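Residue numbers (our numbering): 526 to 830. Structure record follows, encoded as structure tokens.
Put into structure tokens, the structure is as follows:
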């Protein structure tokens, strides 16, 4: 069964289950790095919350043998966990005063997001871009983010520079950095929490005592690669290790810090690219580049470009 037919069957069975009480529709949703996913959107007249369940991964599970009926039941359970009478007043986004304490930043790849970057405020950084989002918390939606767009800045009459100043303070406060030795990660985290890509990097260098590696993320493990932007964070780490640092982008959620013991940066770049191609979801890739933090200049640059 092709994906289009699979999506149609899921749509029809979910629609049949709910009847007139819930409307369903299929929409293509653009994610990070220009990745387009197919979402099943469910909504009813009592709420303005319309959750999207992405069907792409479910199709992969179907191809591996999972029954369509099991997938339909899971989607229904996901929707039923949501308060279908809750409403969110999105007018709060019209006032900068109501959002400025939770404006944050994250890192994305510049070249992979050129079309999106035309629509959102951003600051170029190496081959990346610093972009901004509102980090929300609500009883109805839980925790999540709303990407800040150029139209928001126009409504707020706020500059990108002011947005960055608030985001630099807020992101560090709301999402404190977390740095772990790769061995500590293996010992302390459960298998569910560990990421495939950090496991792959640890296997690249089996002599971990000679080449200690560290995972830099944040406590929420969401958009944690932005931790390299926190003031003096890389400087403190380099001084502690008494060494310059290779910064290997594991994903948008974390980076690997490797003290410089003379490794070939072009070999490291090959390894980063291989991990991205084989282990990281396309929408979560940060970059194929290898970055280098020099503690004398206190700057980050791209190596082997």
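Every residue gets a Cβ at the ideal spot worked out from N, C-alpha and C, and that includes glycine. Remember, predicted model here, so these are calculated numbers, not experimental data.
DSSP links residue 550 through a beta bridge to 566. Inside the region 779-815, DSSP marks whole alpha helix (DSSP H) runs of 4 or more residues at positions 790-804, from first to last along the chain. In this structure the region 577-594 does not lie against the region 651-663, because fewer than three pairs of beta carbons, one per stretch, are closer than 8 Å.
Separation of the CB atoms of residue 632 and residue 811 is rounded to 6 Å, and the pair is thereby assigned contact status at 8 Å. Classified as buried, residue 738 has 16 or more neighbouring CB atoms from the shown chains inside 10 Å of its CB. A direct Cα-to-Cα measurement between residue 553 and residue 560 gives close to 10 Å. Here residue 817 is actually not in contact with residue 780; their C-beta atoms are around 12 Å apart, not less than 8 Å. Bridge pairing for residue 555: 561 [DSSP]. Positions of the beta strand (DSSP E) runs, each at least 3 residues long and wholly inside the region 576-642, are given as 577-579 and 628-634 in order along the chain. Between the region 671-691 and the region 637-657, the count of C-beta pairs closer than 8 Å reaches three or more; the two stretches touch. Taking a cut-off of 8 Å on C-beta distances, the region 528-535 touches the region 581-596, as three or more cross pairs fall below it. Residue environment for residue 563: buried (at least 16 other C-beta atoms within 10 angstroms of its C-beta). Beta-bridge partners assigned by DSSP to residue 740: 705 and 781. At the C-beta level, residue 820 and residue 769 come within 8 Å of one another.
Here DSSP, grouped into helix, strand and coil, assigns residue 669 to strand. No residue range can be given for residue 683, since it is assigned to no beta strand (DSSP E) and is classified by DSSP as neither H nor E. Residues of the same chain with a CB within less than 6 Å of the CB of residue 685, apart from the 5 flanking positions on each side, are 646 in chain order. Taking residue 764 as the centre and dropping the five residues before and after it, the same chain places the C-beta of 820 closer than 8 Å to its C-beta, in chain order.
The alpha-carbon separation between residue 707 and residue 741 amounts to approximately 10 Å. When the Cα atoms are used, residue 548 and residue 555 turn out to be separated by approximately 22 Å. Residue 826: member of the beta strand (DSSP E) spanning 824-828, first to last residue. Taking each of 797, 791 and 800 in turn and checking the Cα distance to residue 828, the smallest one comes out for 791.
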